[in-house]
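Working notes, structure below.
Protein chains: 2
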Amino acid sequence: MVPSVPSSSFAPSRSLSVGVLGAGTVGTQVIRLLTEQADDFAARSGARLEITGIAVRDLSAPRDPAVPAELLTDDATAVATGNDLVIELIGGIEPARTLILAAFKAGASVITGNKALIAAHGPELYAAAATAGTDFYYEAAVAGAIPVVYALRESMAGDRVTNVLGIVNGTTNYILDEMTTKGLSFDQALATAQELGYAEADPTADVDGLDAAAKAAIIASLAFHTRVGLDDVSVEGIRDITADDIREAQASGCQIKLLAIAQRREDEHARGVSVRVHPALVPADHPLASVHGAFNAVLVEAEAAGRLMFYGQGAGGAPTASAVLSDVVAAAAHRVHGGQAPRESCYARLPILGPEAAITRYQVQLEVADAPGALAAVAGVFGAQDVSINSVRQNAYVGGQTAVVTIVTHPAAVFHLDAAVEALRRDEHVAAVISVQRVEGE
Amino acid sequence: MVPSVPSSSFAPSRSLSVGVLGAGTVGTQVIRLLTEQADDFAARSGARLEITGIAVRDLSAPRDPAVPAELLTDDATAVATGNDLVIELIGGIEPARTLILAAFKAGASVITGNKALIAAHGPELYAAAATAGTDFYYEAAVAGAIPVVYALRESMAGDRVTNVLGIVNGTTNYILDEMTTKGLSFDQALATAQELGYAEADPTADVDGLDAAAKAAIIASLAFHTRVGLDDVSVEGIRDITADDIREAQASGCQIKLLAIAQRREDEHARGVSVRVHPALVPADHPLASVHGAFNAVLVEAEAAGRLMFYGQGAGGAPTASAVLSDVVAAAAHRVHGGQAPRESCYARLPILGPEAAITRYQVQLEVADAPGALAAVAGVFGAQDVSINSVRQNAYVGGQTAVVTIVTHPAAVFHLDAAVEALRRDEHVAAVISVQRVEGE
Chain A
1 MVPSVPSSSF
11 APSRSLSVGV
21 LGAGTVGTQV
31 IRLLTEQADD
41 FAARSGARLE
51 ITGIAVRDLS
61 APRDPAVPAE
71 LLTDDATAVA
81 TGNDLVIELI
91 GGIEPARTLI
101 LAAFKAGASV
111 ITGNKALIAA
121 HGPELYAAAA
131 TAGTDFYYEA
141 AVAGAIPVVY
151 ALRESMAGDR
161 VTNVLGIVNG
171 TTNYILDEMT
181 TKGLSFDQAL
191 ATAQELGYAE
201 ADPTADVDGL
211 DAAAKAAIIA
221 SLAFHTRVGL
231 DDVSVEGIRD
241 ITADDIREAQ
251 ASGCQIKLLA
261 IAQRREDEHA
271 RGVSVRVHPA
281 LVPADHPLAS
291 VHGAFNAVLV
301 EAEAAGRLMF
311 YGQGAGGAPT
321 ASAVLSDVVA
331 AAAHRVHGGQ
341 APRESCYARL
351 PILGPEAAIT
361 RYQVQLEVAD
371 APGALAAVAG
381 VFGAQDVSIN
391 SVRQNAYVGG
401 QTAVVTIVTH
411 PAAVFHLDAA
421 VEALRRDEHV
431 AAVISVQRVE
441 GE
Chain B
1 MVPSVPSSSF
11 APSRSLSVGV
21 LGAGTVGTQV
31 IRLLTEQADD
41 FAARSGARLE
51 ITGIAVRDLS
61 APRDPAVPAE
71 LLTDDATAVA
81 TGNDLVIELI
91 GGIEPARTLI
101 LAAFKAGASV
111 ITGNKALIAA
121 HGPELYAAAA
131 TAGTDFYYEA
141 AVAGAIPVVY
151 ALRESMAGDR
161 VTNVLGIVNG
171 TTNYILDEMT
181 TKGLSFDQAL
191 ATAQELGYAE
201 ADPTADVDGL
211 DAAAKAAIIA
221 SLAFHTRVGL
231 DDVSVEGIRD
241 ITADDIREAQ
251 ASGCQIKLLA
261 IAQRREDEHA
271 RGVSVRVHPA
281 LVPADHPLAS
291 VHGAFNAVLV
301 EAEAAGRLMF
311 YGQGAGGAPT
321 ASAVLSDVVA
331 AAAHRVHGGQ
341 APRESCYARL
351 PILGPEAAIT
361 RYQVQLEVAD
371 APGALAAVAG
381 VFGAQDVSIN
391 SVRQNAYVGG
401 QTAVVTIVTH
411 PAAVFHLDAA
421 VEALRRDEHV
431 AAVISVQRVE
441 GE
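First to last, the sequence lines map onto chains A and B. Heads up, the first sequence is in full-length UniProt numbering, so the first residue is 1 and it goes up one at a time. Heads up, the second sequence is in full-length UniProt numbering, so the first residue is 1 and it goes up one at a time.
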């Protein structure tokens with residue numbers, strides 16, 4: 001049994017060395033807080049945490065005064081291999097991956113916020129930590145300050161998660177908000193976001209859904225005890241959302257949100273997990289509809305717990321640093337008191353389902369013949385595919401011989417929903433299928 | 001270093017014995033889930049969890065078929081002292097306290113949801129766990145399925161919490177909702193809640209705020225690394241809330257909620273923590289205003305993380321069982337892989353502030369002379385106490401020589417707010433102080 005050193009010992013004699021890889025927005029806040037609140041960190045972890053090196057690419061770049069100049073080095077390998085705790089905040093795949101593997105090999109515990117790396121190489125990093133007998137933590141990789149990784153990995157350890165629905169990318173959420181509140185086009189809203197520094201010059205990772213997809217892969221891996229990589233996620237970004245789409249969503253009492261969705265199916269037709277990122281209509285009274293700007297929120301549904309929601313700042317230096325530092329305290333406490341971070345849990349090995357097996361709802365706008373029997377025929381097309389209809393709304397009269405009808409279905413598999421839409425395109429009562437959108441959140 | 005046994009090993013050879021004290025609503029669900037999902041629990045914790053005994057008071061009482069009759073016993077001490085893991089779900093102070101202490105003495109890890117016991121005897125139980133070198137977990141004690149204990153104890157370990165604001169009692173939240181939506185009196189709403197089983201025959205613990213106060217004490221202890229007991233919490237329940245209060249709140253664009261508040265002051269006038277439970281006006285657009293019925297929500301504000309909100313089911317058999325079982329997995333994993341639950345963290349030893357040092361906002365309704373200069377005089381009374389005014393609203397004209405005015409202040413210490421109200425009562429321009437209410441949430 002581990003010796004019981006009370007964590008309330010105020011002046012620990014032990015100290016642990018800390019190396020920081022990267023001194024950008026988050027790194028600077030991590031360094032500032034570790035320094036300013038050193039006594040708190042010592043009391044909480046049981047050891048004084050001493051930063052011994054901060055690896056940066058450009059030694060001469062201007063820095064926040066919170067970053068001690070004498071600790072800066074461009075020898076990242078030395079920082080990665082010379083410390084008890086290594087905090088990786090470089091981002092991207094390389095050299096982050098190589099440095100983290102070197103850190104584990106040197107016996108370090110590693111804390112990172114690198115979602116792309118975990119989504120691509122998570123199992124390798126977990127294995128390296130297990131071999132080293134040290135900790136691998138990455139709370140900051142998903143939704144900034146919100147403890148989503150912990151919630152899924154530990155709070156839900158006694159439950160069966162069925163569904164996770166999240167707004168996990170602040171940039172796209174900001175852009176969609178701007179389009180909604182100001183009637184901007186996607187390009188206009190993107191330009192505004194770039195001017196304000198909310199979107200990068202190359203916005204691809206955000207607006208094409210790749211950042212959210214990496215987070216979705218991490219979420220699904222944890223929620224379902226199954227390895228899910230970036231390639232397992234079907235992804236659609238927000239570039240094609242038009243001002244018209246936004247207006248129509250509002251007319252339907254909805255908001256368009258870019259969602260990361262991890263879903264478990266265990267029914268007569270399919271067994272496995274569906275993981276996807278796409279824009280969807282969310283009813284205005286759903287808790288996710290009121291998540292605005294750079295805030296993130298994650299809704300977790302589990303068999304026993306029911307619905308839980310976690311809400312907070314999804315990015316930014318200080319909030320992300322808060323997540324990094326909770327991991328630092330946990331990893332440090334393990335080195336002092338014994339114990340380890342949870343290892344990879346992938347025992348369930350659920351199959352990854354293709355996008356056609358995803359369960360969603362469709363909102364379909366049709367132009368139909370304004371003739372008796374037309375609506376019944378349309379309803380029959382859905383029924384033939386086992387899709388039941390939740391609501392039918394006839395829009396303002398278009399004139400002539402046709403009417404515009406908006407149909408929202410109940411949840412069904414994309415396979416059946418798409419078959420119904422295909423059949424509608426061929427149906428003699430349907431003049432045109434105007435739009436098809438997914439609806440999420442009930 | 002702890003040997004690294006991957007938690008993904010599917011068929012662990014090791015097993016751990018589990019004793020359950022109490023087979024009520026929560027206990028029944030815990031037993032059902034542990035049995036039905038035995039393979040999942042084995043894969044996640046690294047050991048098969050075998051229930052060896054279930055202690056109940058009345059062996060002959062009717063039971064859910066999920067509870068195996070052959071495991072029932074009325075020898076609670078034997079169950080407490082004969083297992084690796086002991087789950088205490090009896091509630092109340094005794095015999096729960098004696099049984100938990102006996103369990104620790106026998107080397108067990110203990111999981112409980114007993115908020116009253118922790119608020120009264122937390123330090124003693126933590127000390128017993130430390131002496132035994134085992135775990136003490138109590139996620140289920142606060143807000144059911146919502147991982148508030150973890151969030152404060154571990155996710156915020158790298159941050160400084162400044163404020164926690166929570167709706168943590170579903171019964172009172174349901175009663176206030178009924179009063180709001182149906183215009184019922186407190187007594188009518190309480191009777192409805194009792195009929196539906198949402199309130200007990202003796203509703204004291206809920207409606208007088210004692211249940212929420214125990215949770216507030218636990219929240220404050222964790223948030224501020226300081227021992228806070230039940231006696232340190234100033235408590236006011238909802239018995240005195242009238243249908244008029246509810247109507248006036250709505251007229252002010254607010255909802256009345258029973259809040260558990262834990263606040264840290266560190267300013268020129270005071271240093272310490274203020275912990276209290278009382279009804280307060282919450283602006284309708286504040287996230288806590290939309291928490292209805294038996295749902296709970298906890299808002300945490302921290303220096304680096306900013307504002308986080310956690311939302312979910314605060315009570316009920318299955319949600320509470322989910323919280324208990326996450327603790328069971330953690331405690332079991334520690335027995336298999338080494339490591340320990342966080343020990344009591346009370347190193348900060350912040351002073352407990354009296355209710356007069358709490359920072360809040362007041363909404364004051366006054367009947368003032370409808371004469372030039374009256375409003376200026378009233379504003380001057382607040383100013384003399386260093387209280388600034390956020391808004392002034394003149395209500396529908398009462399007639400005669402007086403007008404009704406509603407004033408909402410900015411945040412200030414109760415000490416100054418009360419002094420201002422006292423001065424108003426004596427002011428010649430004020431015919432009457434109609435009502436004074438606290439406003440929380442910005």
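Where is the CB? At the ideal position from N, CA and C, for every residue including glycine. Small disclaimer: the values here were computed from a predicted structure and weren't measured.
- Annotation for residue 173 of chain B: the continuous alpha helix (DSSP H) segment containing it runs 170-182.
- At a cut-off of 9 Å between beta-carbon atoms, residue 347 of chain B makes contact with chain A.
- One Cα belongs to residue 223 of chain B, the other to residue 164 of chain B, and the distance between them is close to 8 Å.
- For residue 328 of chain A, the chain B residues whose Cβ falls inside 7 Å of its Cβ are 158, in order along the chain.
- In its chain, beyond the 5 residues on either side, 23, 72 have a beta carbon closer than 6 Å to the beta carbon of residue 56 of chain B.
- Straight across, the Cα-Cα distance linking residue 97 of chain A with residue 167 of chain A is about 27 Å.
- The DSSP-derived three-state label of residue 392 of chain A is strand.
- Excluding the 5 residues flanking it on each side, residue 255 of chain B has same chain C-beta neighbours closer than 7 Å at 180, 249, 282, 284, 289, in chain order.
- Bounds of the beta strand (DSSP E) holding residue 265 of chain B are 254-266.
- At a cut-off of 4 residues, the continuous stretches assigned as alpha helix (DSSP H) that sit fully inside the stretch 1-86 of chain B are 25-36, 38-45, 76-81.
- Assignment of beta-bridge partners to residue 347 of chain A by DSSP yields no partner.
- Contact of residue 124 of chain A with chain B is not assigned, every C-beta pair being separated by 9 Å or more.
- Residues of chain A with a Cβ closer than 9 Å to the Cβ of residue 186 of chain B do not exist, since the nearest Cβ in that chain sits about 28 Å away.
- In terms of beta-carbon proximity, residue 324 of chain A lines the interface with chain B, with at least one pair separated by less than 9 Å.
- Taking the Cα of residue 88 of chain B as reference, the smallest distance to any Cα among B:420, B:321, B:214 is reached at B:321.
- Below 8 Å, too few C-beta pairs join the stretch 61-80 of chain B and the stretch 362-381 of chain B to call them touching: fewer than three.
- Cα atoms of residue 192 of chain A and residue 200 of chain A: separation of roughly 11 Å, rounded to the nearest angstrom.
- For residue 290 of chain B, there is no enclosing alpha helix (DSSP H), as DSSP marks it with neither H nor E.
- Under the Cβ distance rule, residue 13 of chain A does not count among the residues neighbouring chain B, no pair being separated by less than 9 Å.
- Contact check between the stretch 257-276 of chain A and the stretch 375-390 of chain A: fewer than three CB pairs, one atom from each, fall below 8 Å, which does not count as touching.
- Under the Cβ criterion of 9 Å, residue 309 of chain B is counted among the residues facing chain A.
- Judged by DSSP secondary structure, residue 219 of chain B falls outside any beta strand (DSSP E) and instead within the alpha helix (DSSP H) spanning 210-224.
- In this structure, the CA atom of residue 392 of chain B is about 6 Å from the CA atom of residue 406 of chain B.
- Beta bridge pairing from DSSP links residue 310 of chain B with A:310, B:298.
- Counting only Cβ-Cβ distances below 7 Å, residue 147 of chain B has contacts in chain A at 151, 155, in chain order.
- Per DSSP, residue 442 of chain A lies in no beta strand (DSSP E) and is assigned neither H nor E.
- DSSP, reduced to helix, strand and coil, places residue 165 of chain B within a strand of the structure shown.
- Here the C-alpha atom of residue 151 of chain A lies approximately 54 Å from the C-alpha atom of residue 426 of chain B.
- If you draw a 10 Å sphere on the C-beta of residue 245 of chain A, you find 16 or more other C-beta atoms in it, and that means buried.
- Spatial neighbours of residue 214 of chain B in its own chain (CB-CB distance under 7 Å, excluding positions within 5 residues in sequence) are listed in chain order as 115, 116, 119, 230.
- Around the CB of residue 402 of chain B, 16 or more other CB atoms lie within 10 Å, so the residue is classed as buried.
- By the CB criterion at 9 Å, residue 299 of chain B and residue 34 of chain B fall outside the cutoff.
- By the rule that beta-carbons nearer than 9 Å mark a contact, residue 139 of chain B touches chain A.
- Residues of chain B whose Cβ lies closer than 8 Å to the Cβ of residue 429 of chain A do not exist, since the nearest Cβ in that chain is about 42 Å away.
- Under the DSSP assignment, residue 97 of chain A falls in the alpha helix (DSSP H) whose first and last residues are 96-105.
- DSSP places residue 238 of chain B in no beta strand (DSSP E); its state is neither H nor E.
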